[in-house]
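Asks: Residue numbers (the working numbering): 773 to 1012.
Glycine residues also receive a C-beta, built at the ideal position from the N, C-alpha and C atoms.
1. Do residue 894 and residue 860 have their C-beta atoms within less than 8 Å of each other?
2. From 956, 849 and 918, pick the residue whose C-alpha is nearest to that of residue 886; which is it?
3. Can you tell which of 814, 794, 945 and 879 has the C-alpha that lies nearest to the C-alpha of residue 904?
4. Would you list the one or two residues that DSSP bridges to residue 854?
5. Report the CB separation of residue 957 from residue 915 in whole angstroms; it is logged as a contact under 8 Å.
6. So is residue 834 buried or exposed if we call it buried at 16+ other beta carbons inside 10 Å?
7. So, under 8 Å CB-CB, residue 1004 and residue 972 are touching, yes? Tell me the CB distance rounded to an integer number of Å.
8. Between the alpha carbons of residue 792 and residue 810, how many angstroms are there, rounded?
9. In angstroms with no decimal places, state the Cα-to-Cα distance between residue 853 and residue 995.
10. Using the Cα positions of residue 965 and residue 909, report the straight-line distance between them to the nearest angstrom.
11. Only counting runs of 3 or more residues, tell me where the beta strand (DSSP E) segments fall wholly within the region 829-889, in order along the chain.
12. Hey, residue 1011 and residue 980: beta-carbon distance below 8 Å or not?
13. Tell me, which residues are paired with residue 958 by DSSP?
14. In chain order, what residues of the same chain lie with their CB nearer than 7 Å to the CB of residue 843, ignoring the 5 residues before and after it?
15. Cβ atoms of residue 1008 and residue 891: under 8 Å apart, would you say?
16. Compute the distance between the beta-carbons of residue 882 and residue 927, then report whether it is under 8 Å.
17. Out of 997, 999 and 982, which has the shortest C-alpha to C-alpha gap to residue 871?
18. For the beta strand (DSSP E) containing residue 1029, name the first residue and the last one.
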């Protein structure tokens, strides 16, 4: 092989012996002149910066780029509009690990007091005219609480996690794409690569310190679809 093309190239680890590195090392052993092209909407990492910078860089430069505002202006992506929220997750006492909030402490902050009830109540009130909601939660318990509150408001919804049986997850996603389910609550599942063009509301009920994760979450609402004017981003995690 002379060239390797990698989609979602930000997922390649900079070092180690995972699947990507083993494959690339083997191919380079066969052909030392091997070239690699990476495609991604987030060409950087929170901890190491740009994918073409630093001692552990994976690439030697950016061959072509088109930024999101230009792609929205040209009609390839949906416009987005974002609103701050009255209900906010307080992360002031949440510690960090490896450049990101500790998941256990973050979830505890997200479910403190009546925050879930207030957040969902505000979400429902601000969702007028929105038909397809994607909600990012901090953990399984947090997601289940959000789902329960949505149900109390009469919103048809489903939850998906990493542990959700694949058949069940596929059924939920297909129902969501058909419009049978209004709101999909997820924990770290429906981010990179998830394609449901009709999404017109993103609820960030998950704070993050990762610029890449933030872009990927909001990016789920950037697909264009018939009858879709824009995508509303409600930021309960003060990410914006």
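Replies: The structure says:
1. No Cβ-Cβ contact shorter than 8 Å links residue 894 with residue 860.
2. 918
3. 945
4. 1005
5. Right, their Cβ atoms sit about 5 Å apart.
6. exposed
7. Between residue 1004 and residue 972, the beta carbon gap of about 7 Å places them in contact (Cβ cut-off 8 Å).
8. Approximately 12 Å between the Cα atoms of the pair.
9. 14 Å
10. 18 Å
11. If we require 3 residues or more, the beta strand (DSSP E) runs fully inside the region 829-889 come out as 852-856.
12. yes
13. 908 and 932
14. 849
15. Their beta carbons are under 8 Å apart, which means residue 891 touches residue 1008 by this criterion.
16. no
17. 982
18. Shown here, the chain extends from 773 to 1012; a query on residue 1029 therefore has no answer.
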